[in-house]
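Note that numbering that gives the first Met the number 0 has the sequence shown beginning at 0, numbered continuously upward. The beta-carbon is built from N, C-alpha and C at its ideal position, and this holds for glycine as well. Comments concern the structure below.
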Amino acid sequence: MAEKFDKYYEYFVKRRGRKVRERRINLGFVSIDLRGGRVDIFPLFKSRSTEGVAVVDGESVKLVGRGAEVLKGKHVVVKNARLHLVEGERVELFNANVGKVIGRYVAATNCKVEEIEAEEVVMINAKAEKVAASRGRFTNCVIEKLVYQEHYESVNTVIHRVEKATTLKPP
0 MAEKFDKYYE
10 YFVKRRGRKV
20 RERRINLGFV
30 SIDLRGGRVD
40 IFPLFKSRST
50 EGVAVVDGES
60 VKLVGRGAEV
70 LKGKHVVVKN
80 ARLHLVEGER
90 VELFNANVGK
100 VIGRYVAATN
110 CKVEEIEAEE
120 VVMINAKAEK
130 VAASRGRFTN
140 CVIEKLVYQE
150 HYESVNTVIH
160 RVEKATTLKP
170 P
């Protein structure tokens with residue numbers, strides 16, 4: 000895959016002087032946008048999931064399906080995946096099973112998360128073991144332990160233990 004990337008990259012660099020815009024390098028299940036530093040991961044086949052990528056790091060990362068263990072980026076979008084760690088400035092999870100999420104703004108929809116550390120958390124139809132946040136909005140959720148600093152709003156949510164923290168460690 001690295002050889003394929005090098006070949007495409009050299010082609011785009013050489014063609015740059017001829018008014019050709021670099022767009023995207025497609026390497027199978029990894030697609031790299033050369034303009035914005037964006038990495039997209041897609042399954043090769045719709046019926047099967049792909050395995051093998053351990054850590055994905057980038058400015059804007061979008062994961063669809065399986066294929067990574069750890070995602071790090073400024074803006075991270077995860078759909079239909081199972082991960083150990085997701086870290087980013089803005090993290091959006093859809094139908095995901097994640098071990099730990101660290102970020103400034105975290106939105107989780109139809110997810111199961113072990114631990115969330117964020118300034119602002121929005122959860123809809125999700126389940127979490129521990130949520131540590133400054134502010135939070137929860138709708139139809141089950142949360143084992145909530146540690147908040149400023150305030151939280153919950154609608155149709157089961158929260159087993161609630162603690163108000165004086166200070167939270169920054170994400």
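Under the three-state DSSP convention, the category residue i falls into
i, result
"residue 91", "strand"
"residue 68", "coil"
"residue 46", "At residue 46 the pLDDT is 41, less than 50, meaning the model places this residue with poor confidence; the figure from the coordinates comes in the next sentence. Correct three-state label for residue 46: coil."
Top-ranked residue by Cα proximity to residue i, from the options
i, options, result
"residue 103", "91, 140, 97 and 82", "91"
"residue 131", "165, 96 and 79", "165"
"residue 81", "136, 124 and 70", "70"
"residue 133", "143, 162, 97 and 155", "162"
"residue 72", "101, 79, 78 and 94", "101"
"residue 139", "110, 129, 125 and 84", "125"
"residue 107", "137, 84 and 88", "137"
"residue 84", "93, 110 and 114", "114"
"residue 150", "79, 118, 93 and 94", "118"
Rounded straight-line distance, which links the Cα of residue j to that of residue i
i, j, result
"residue 112", "residue 157", "15 Å"
"residue 96", "residue 142", "15 Å"
"residue 99", "residue 153", "21 Å"
"residue 148", "residue 68", "30 Å"
"residue 77", "residue 105", "11 Å"
"residue 159", "residue 144", "6 Å"
"residue 93", "residue 2", "33 Å"
"residue 109", "residue 155", "15 Å"
"residue 188", "residue 88", "Here the chain has residues from 0 to 170 only, and residue 188 is not among them."
"residue 121", "residue 135", "6 Å"
Start and end residues, beta strand (DSSP E) containing residue i
i, result
"residue 132", "126-138"
"residue 96", "96-108"
"residue 117", "111-123"
Burial state of residue i, where buried means 16 or more other Cβ atoms lie within 10 Å
i, result
"residue 75", "buried"
"residue 116", "buried"
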